[in-house]
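As structure tokens, the structure follows; a few thoughts come after it.
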Amino acid sequence: MAKVAPEGLITALDIGSSKVSAMIAQKGDGGELIVLGTGQRESRGVKRGYIADMGATEAAVREAVEQAERIAGLNIENVWVGFSAGGLVSDVAEVEFELGGHQVEQQDIDALLAAGRQSIDPQGRMVLHAQPALYTLDGLTGVKKPLGLHADKLGVHIHVVAADGSPVRNLDLCVRSAHLEVKSIIAAPVATGLACLSEEERELGVALVEIGAGITNVSLFAGGMLVGLCSIPVGAQDITDDIASAFGTRRALAERMKCFHGSANASPRDNHDMIPVTPVGAEDDVHGGTQITKAQLIAVIRQRLEHQMNEVRKALTHLKFEGPVGRQVVLTGGGAELKGIADYAQQALGRSVRLGRPRGLTGLPEAHSGPAFATLAGLAFYAATDPIDLRAVAPSGQTVHRPSGLGLFRKLLQAARANY
34 MAKVAPEGLI TALDIGSSKV SAMIAQKGDG GELIVLGTGQ RESRGVKRGY
84 IADMGATEAA VREAVEQAER IAGLNIENVW VGFSAGGLVS DVAEVEFELG
134 GHQVEQQDID ALLAAGRQSI DPQGRMVLHA QPALYTLDGL TGVKKPLGLH
184 ADKLGVHIHV VAADGSPVRN LDLCVRSAHL EVKSIIAAPV ATGLACLSEE
234 ERELGVALVE IGAGITNVSL FAGGMLVGLC SIPVGAQDIT DDIASAFGTR
284 RALAERMKCF HGSANASPRD NHDMIPVTPV GAEDDVHGGT QITKAQLIAV
334 IRQRLEHQMN EVRKALTHLK FEGPVGRQVV LTGGGAELKG IADYAQQALG
384 RSVRLGRPRG LTGLPEAHSG PAFATLAGLA FYAATDPIDL RAVAPSGQTV
434 HRPSGLGLFR KLLQAARANY
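Throughout, this note's numbering is defined as the position within the sequence shown, counted from one, plus 33.
Shown next, in the form of structure tokens:
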């Protein structure tokens with residue numbers, strides 16, 4: 034019989050286009066996260082990150098959470114949910130006010146954060162995150178703890194992530210329909226960055242490319258926070274569909290071919306390795322089916338990859354990820370599990386590329402330790418830190434100034450170039 038959830042329990046829920054996954058974790062005595070149970074179900078009601086069938090998605094949510102509950106031996110009531118659909122935007126708002134040279138006190142910081150809340154302009158979108166990232170003292174950026182320091186002006190960089198309202202409300206309704214309380218809805222790139230990027234990478238500058246089934250999110254981190262974001266409506270499912278179409282087979286078998294025989298890199302031996310193909314409508318064990326070479330399969334995969342990496346390259350250019358600090362890219366998401374994709378991406382993007390896997394979780398099952406589960410792990414990390422959200426801060430009457438000029442990431446790029 035399942036027990037009532039103890040204090041400090043965290044349940045993460047990632048609703049994607051190909052799978053719905055859940056994780057129950059708890060903080061250990063040393064602050065580490067210990068995984069107690071995981072669950073996964075095929076996602077049938079989500080298209081390109083958007084809920085298209087409420088009933089099918091709700092059923093998958095129930096089943097994934099129930100599986101995690103059975104393994105953990107616990108009943109849970111609330112979840113931290115990831116949002117990965119297109120329409121996500123990221124901005125860094127900067128606000129500051131006069132201090133007059135006195136020491137920074139807690140009430141000054143509180144007033145600044147309250148004033149920062151008023152400066153947020155979502156432009157008709159729904160704000161998912163509004164968090165103080167770094168403070169400034171008389172123009173000096175990168176101050177993490179201004180308390181007790183003297184300054185004429187105190188400022189703060191506020192990290193804001195917003196999304197189109199309707200998809201977020203549909204996600205919230207779906208989870209609540211499964212009789213689960215939504216603690217918070219988290220932008221997937223924010224969570225994923227916590228799971229598979231080092232603190233140093235987030236400080237110095239890195240691009241995170243999350244290849245989901247239907248969406249690829251390209252996000253930039255610098256100064257310890259997410260500073261740019263772009264969503265591309267292509268993903269790993271497009272490769273599967275291309276294989277199914279090219280060789281006249283079912284999607285499920287095309288996915289199997291991609292996972293077991295597929296690769297992003299070609300070799301001369303591929304012309305001699307044969308792969309059986311079961312036609313659409315035939316039984317899996319049918320005799321007399323066609324055969325293709327591994328080279329033919331890889332050619333289809335690489336054709337789609339070329340298009341996808343070209344879109345990623347355009348996104349990086351649009352986000353101004355260039356110059357000395359625009360060299361490191363981390364690939365994650367289910368699409369990053371394709372054999373050889375890191376080497377392919379490194380050549381296609383002209384940057385150093387590595388795979389991003391969840392790190393820092395105790396008891397994570399081997400099956401959930403790959404790039405496909407980075408967002409799920411990141412949701413648990415985010416919940417464990419429970420950062421300040423300015424949406425919960427009371428408004429202030431303090432007069433503030435929002436500096437104009439270059440965005441934060443471009444400032445960091447200029448600073449880096451100045452050192453070369």
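Every residue gets a Cβ at the ideal spot worked out from N, C-alpha and C, and that includes glycine.
> What number of angstroms, rounded off, separates the C-alpha of E355 from the C-alpha of S217?
Replying inline: Residue 355 sits at position 322 when you count from the first residue of the sequence shown. Residue 217 sits at position 184 when you count from the first residue of the sequence shown. The straight-line gap from Cα to Cα measures roughly 34 Å.
> Near V313, which residues of its chain fall below 7 Å by C-beta distance, leaving aside the five closest residues on each side in sequence?
Replying inline: Locating residue 313 in the sequence shown gives position 280, counting from the first residue. Contacts found: G281, T282 and R283.
>> Tell me the rounded alpha-carbon separation between G115 and A148.
In response: Along the sequence shown, one-based indexing puts residue 115 at 82. Along the sequence shown, one-based indexing puts residue 148 at 115. The alpha-carbon separation between G115 and A148 amounts to approximately 28 Å.
> To the nearest angstrom, how far is it from the Cα of E40 to the Cα of G106?
Replying inline: The residue you call residue 40 lines up with position 7 of the sequence shown. The residue you call residue 106 lines up with position 73 of the sequence shown. Each residue's alpha carbon lies about 15 Å from the other.
> What did DSSP end up calling A353 once you bin it into helix, strand or coil?
Replying inline: Residue mapping note: residue 353 aligns to position 320 of the sequence shown, counting from 1. In the sequence under discussion, the amino acid at residue 353 is Lys, which differs from the Ala named in the question. Note: K353 maps to coil in three-state DSSP.
>> Within a Cβ cutoff of 6 Å, which residues of the same chain sit near G61, ignoring the five residues on either side of it in sequence?
In response: Here residue 61 refers to the residue found at position 28 of the sequence shown. If we look at G61 and ignore the five residues flanking it on each side, its Cβ neighbours are I67.
>> So, under 8 Å CB-CB, L349 and V194 are touching, yes? Tell me the CB distance rounded to an integer number of Å.
In response: The sequence position of residue 349 within the sequence shown is 316, counting from 1. The sequence position of residue 194 within the sequence shown is 161, counting from 1. Actually they do not touch by this definition, with Cβ atoms about 19 Å apart.
> Skipping 5 residues on each side, what residues in its chain have a beta carbon closer than 7 Å to that of A101?
Replying inline: Residue 101 sits at position 68 when you count from the first residue of the sequence shown. These residues qualify, in order along the chain: A55, M56, I57, G70, T71 and G72.
> How about R390 and P404: do their beta carbons lie closer than 8 Å?
Replying inline: Locating residue 390 in the sequence shown gives position 357, where the first residue counts as 1. Locating residue 404 in the sequence shown gives position 371, where the first residue counts as 1. The answer is yes: Cβ separation under 8 Å.
> Can you check whether the CB of G247 is closer than 8 Å to the CB of G268?
Replying inline: The residue you call residue 268 lines up with position 235 of the sequence shown. The residue you call residue 247 lines up with position 214 of the sequence shown. Closer than 8 Å, so yes.
>> My output table needs one value for G88: the three-state DSSP class, helix, strand or coil.
In response: Position 55 of the sequence shown holds residue 88. DSSP, read as helix, strand or coil, puts G88 in helix.
>> Out of E370, E232, L259 and V239, which one is the CA nearest neighbour of E288?
In response: In the sequence shown, counting from the first residue as 1, residue 288 sits at position 255. Ranking E370, E232, L259 and V239 by Cα distance to E288 puts E370 first.
> Going by C-alpha distance, which of N108, V112 and I84 is nearest A417?
Replying inline: Here residue 417 is taken as the residue at index 384 of the sequence shown, counted from 1. Restricting attention to N108, V112 and I84, the CA atom closest to the CA of A417 is found in V112.
>> At the level of alpha carbons, what is the spacing between A85 and C207?
In response: As a position in the sequence shown, residue 85 is number 52, starting the count at 1. As a position in the sequence shown, residue 207 is number 174, starting the count at 1. Taking the Cα positions, A85 is about 11 Å away from C207.
> Ordered along the chain, which non-local residues of its own chain (more than five positions away) have a Cβ less than 6 Å from that of A45?
Replying inline: Taking the sequence shown and counting its residues from 1, one reaches residue 45 at position 12. Cβ within range, chain order: M56, W113, L409, L412 and A413.
>> If you reduce the DSSP assignment to three classes, tell me which class V310 lands in.
In response: Counted from its first residue, the sequence shown places residue 310 at position 277. Here V310 sits in strand by DSSP.
>> Bridge partners for G261 per DSSP, in chain order?
In response: In the sequence shown, counting from the first residue as 1, residue 261 sits at position 228. DSSP, once it has assigned bridges, lists L253 as partnering G261.
>> Helix, strand or coil for A126? Go by DSSP, reduced to three states.
In response: As a position in the sequence shown, residue 126 is number 93, starting the count at 1. Note: A126 maps to strand in three-state DSSP.
>> So, with DSSP's three-state summary, where would you put K52?
In response: Along the sequence shown, one-based indexing puts residue 52 at 19. The answer is strand: DSSP assigns K52 an E or B state.
> Between V310 and the rest of its own chain, which residues show a CB-CB distance below 7 Å, the 5 nearest in sequence each way excluded?
Replying inline: One-based indexing of the sequence shown puts residue 310 at position 277. Answer for V310: F280, T282, G322, T323, Q324 and I325, listed in chain order.
> Since P200 is in the beta strand (DSSP E), which residue starts that stretch and which ends it?
Replying inline: As a working mapping, residue 200 is identified with position 167 in the sequence shown. In the DSSP assignment, P200 falls outside any beta strand (DSSP E) and within the unbroken alpha helix (DSSP H) covering G198 to S210.
> Of the residues A375, I331, V260 and H305, which one's Cα is nearest the Cα of F293?
Replying inline: For the purposes of this step, residue 293 is taken as the residue at position 260 of the sequence shown. Among A375, I331, V260 and H305, the Cα nearest to that of F293 is on I331.
> What span of residues does the alpha helix (DSSP H) with E236 cover, start to end?
Replying inline: Reading the sequence shown from its first residue, position 203 is the one you call residue 236. For E236, the enclosing alpha helix (DSSP H) begins and ends at E232 to L237.
>> Between which two residues does the beta strand (DSSP E) holding E214 run?
In response: Residue numbering aside, residue 214 sits at position 181 when the sequence shown is read from its first letter. Start and end: E214 to A220.
> Less than 8 Å separating the beta-carbons of V362 and A240?
Replying inline: What you label residue 362 is simply residue 329 of the sequence shown in a count that begins at 1. What you label residue 240 is simply residue 207 of the sequence shown in a count that begins at 1. Their beta carbons are under 8 Å apart, which means V362 touches A240 by this criterion.
> Around the C-beta of I421, are 16 or more other C-beta atoms found within 10 angstroms, so that it is buried, or is it exposed?
Replying inline: Working through the sequence shown from its first residue, we reach residue 421 at position 388. I421 is classed as exposed because its beta carbon has fewer than 16 other beta carbons within 10 Å across all chains shown.
> Run through DSSP, which three-state label would S385 get?
Replying inline: Here residue 385 refers to the residue found at position 352 of the sequence shown. DSSP, read as helix, strand or coil, puts S385 in strand.
>> Using the Cβ count rule (16 or more neighbours within 10 Å means buried), how would you classify P165?
In response: Translated into positions along the sequence shown, residue 165 becomes position 132. Looking at its Cβ environment, which holds 16 or more other Cβ atoms inside 10 Å, P165 is buried.
> Rounded to a whole number of angstroms, what is the C-alpha to C-alpha distance between E233 and Q380?
Replying inline: Walking along the sequence shown from the start, residue 233 turns up at place 200. Walking along the sequence shown from the start, residue 380 turns up at place 347. Each residue's alpha carbon lies about 24 Å from the other.
>> DSSP has N15 in a bridge; who is on the other side?
In response: The chain is shown from 34 up to 453; residue 15 falls before or after that span and cannot be answered.
> Going by the CB atoms, is the gap between T169 and G181 shorter than 8 Å?
Replying inline: The residue given as residue 181 occupies position 148 in the sequence shown. The residue given as residue 169 occupies position 136 in the sequence shown. Taking 8 Å as the cut-off, the beta carbon of G181 is found no closer than this to the beta carbon of T169.
> Under a Cβ-count criterion, where at least 16 other Cβ atoms within 10 Å of its own Cβ denotes burial, should S199 be classed as buried or exposed?
Replying inline: The residue you call residue 199 lines up with position 166 of the sequence shown. Flag for S199 reads exposed.
> Can the beta-carbon of G245 be found closer than 8 Å to that of G82?
Replying inline: Along the sequence shown, one-based indexing puts residue 245 at 212. Along the sequence shown, one-based indexing puts residue 82 at 49. Pairing G245 with G82 gives a Cβ-Cβ distance under 8 Å.
> Going along the chain, which unbroken runs of the alpha helix (DSSP H) with 4 or more residues stay wholly within the region 135–189?
Replying inline: The qualifying runs are 139–152.
> Does the beta-carbon of R262 have 16 or more other beta-carbons within 10 angstroms, so that it is buried, or is it exposed?
Replying inline: As a working note, residue 262 is residue 229 in the sequence shown. Note that residue 262 is Leu in the sequence shown, not Arg. With 16 or more Cβ atoms within 10 Å of its Cβ, L262 is classed as buried.
> Rounded to a whole number of angstroms, what is the C-alpha to C-alpha distance between E344 and L352?
Replying inline: On the sequence shown, residue 344 is found 311 positions in, with the first residue counted as 1. On the sequence shown, residue 352 is found 319 positions in, with the first residue counted as 1. Cα to Cα, the separation comes out at about 12 Å.
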